[in-house]
Amino acid sequence: MRLIDTHSHLDFPEFDADREHVLGNAAASGVERVVVLGVTADNLQRVWQLACSDSRVYAALGLHPVFLAQHRFEHLLELRNWFERLRGDPRLCAVGEIGLDYYLPELDPAEQQALFEAQLQIACDFDLPALLHVRRSHAQVIATLKRYRLQRAGIIHAFAGSFEEAREYIKLGFKLGLGGAATWPQALRLRKTVARLPLESVVLETDAPDMAPAMYPGLRNSPEHLPQIAQVLAELMGVAPEQLAAASSRTACELFGW
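Each position in the sequence shown, counted from 1, maps to that position plus 11 in this note's numbering.
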């Protein structure tokens with residue numbers, strides 16, 4: 012199988028001891044490309060250096076809503092400067108990880124919304140897809156996306172919404188990122204939704220080191236696990252793993268312009 016991990020955090024310290032080994036093992040199992048996403052102003056340089064040091068890695072840069080307390084107005088200016096400097100560089104493939112998180116009560120919704128919209132504007136201005144974190148905020152994210160209408164849309168990372176919400180995203184041109192969450196048998200609603208999704212609406216991801224699949228409970232997630240995740244997702248969708256791998260990789264390549 013040829014696979015693309017559309018969402019990971021390989022720059023995180025959890026991979027400092029064996030990052031090259033992980034990438035090598037992933038490539039040997041068919042994971043040809045890995046997208047690594049920024050989350051704060053402090054890790055943008057690290058993400059970019061990783062993309063520059065390995066041809067299998069691509070960078071997305073953004074300010075994650077969960078780290079809202081760390082973000083400052085000048086970080087948005089810094090982020091825009093990154094996109095200005097790297098305009099047209101194929102190693103920079105998206106704006107992300109951005110979005111809204113209504114799960115954590117300490118995250119002010121109005122501040123999150125302002126940060127989200129400023130970064131959606133960057134995606135619009137630089138004609139790049141957006142990679143979105145959406146937790147208990149689907150209605151607000153969908154309403155916001157209807158106002159912005161991104162030309163190249165993007166991905167709803169770790170999609171766990173309803174089938175009706177999936178349809179709304181698909182209508183807006185977005186793809187749905189699926190990973191380890193649906194491999195857990197207790198994720199009944201998500202598994203039922205995954206079974207109904209059109210094959211062309213799906214891309215694969217790990218969110219490594221987080222969101223480990225059921226076969227690796229409590230362990231560090233890794234791009235190395237993507238083939239096994241794909242096996243489970245393919246079974247849920249009623250297709251061969253090779254079919255899901257081919258379709259999701261084709262969708263990812265079209266989205267990122269590869």
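Built from N, CA and C at the ideal position, the CB exists for glycine as well.
Since we're looking at a predicted model, the values are computed, not measured.
query                                                                                                                                                                              : result
Is it buried or exposed for residue 186, if we count other Cβ within 10 angstroms and need 16 for buried?                                                                          : buried
Terminal residues of the continuous beta strand (DSSP E) containing residue 191?                                                                                                   : Looking at the DSSP string, residue 191 is not in any beta strand (DSSP E), and its letter there is neither H nor E.
Assuming residue 70 and residue 103 make a contact with CB atoms under 8 angstroms, what is their CB distance in whole Å?                                                          : 5 angstroms
Taking the beta carbon of residue 136 as the centre, do at least 16 other beta carbons fall within 10 Å, making it buried, or is it exposed?                                       : exposed
Return the chain-ordered list of same chain residues with a C-beta closer than 7 angstroms to the C-beta of residue 188, the five sequence neighbours on each side being excluded. : 17, 18, 166, 167, 168, 169, 170, 214 and 216
Which of helix, strand or coil does DSSP assign to residue 149?                                                                                                                    : helix
Would residue 145 pass as a contact of residue 130 if the rule is Cβ separation under 8 angstroms?                                                                                 : no
If you reduce the DSSP assignment to three classes, tell me which class residue 272 lands in.                                                                                      : It is not possible to answer for residue 272, since the shown part of the chain is limited to 12 through 269.
Below 8 angstroms on the Cβ atoms is my contact criterion, and I expect residue 248 with residue 183 to pass it. Report the Cβ-Cβ distance as a whole number of Å.                 : With a Cβ gap of about 22 angstroms, residue 248 and residue 183 do not count as contacting.
Can you round the beta-carbon distance between residue 240 and residue 204 to whole angstroms, since I take them to be within the 8 angstroms contact cut?                         : Residue 240 to residue 204, Cβ: 16 angstroms. No contact.
Going by DSSP, what residues sit across from residue 186 in a beta bridge?                                                                                                         : 166
Rounded to whole angstroms, what is the Cα-Cα separation between residue 82 and residue 219?                                                                                       : 23 angstroms
With distance defined between alpha-carbon atoms, name the residue in 27, 44 and 23 nearest to residue 13.                                                                         : 44
DSSP beta-bridge partners for residue 69?                                                                                                                                          : 46
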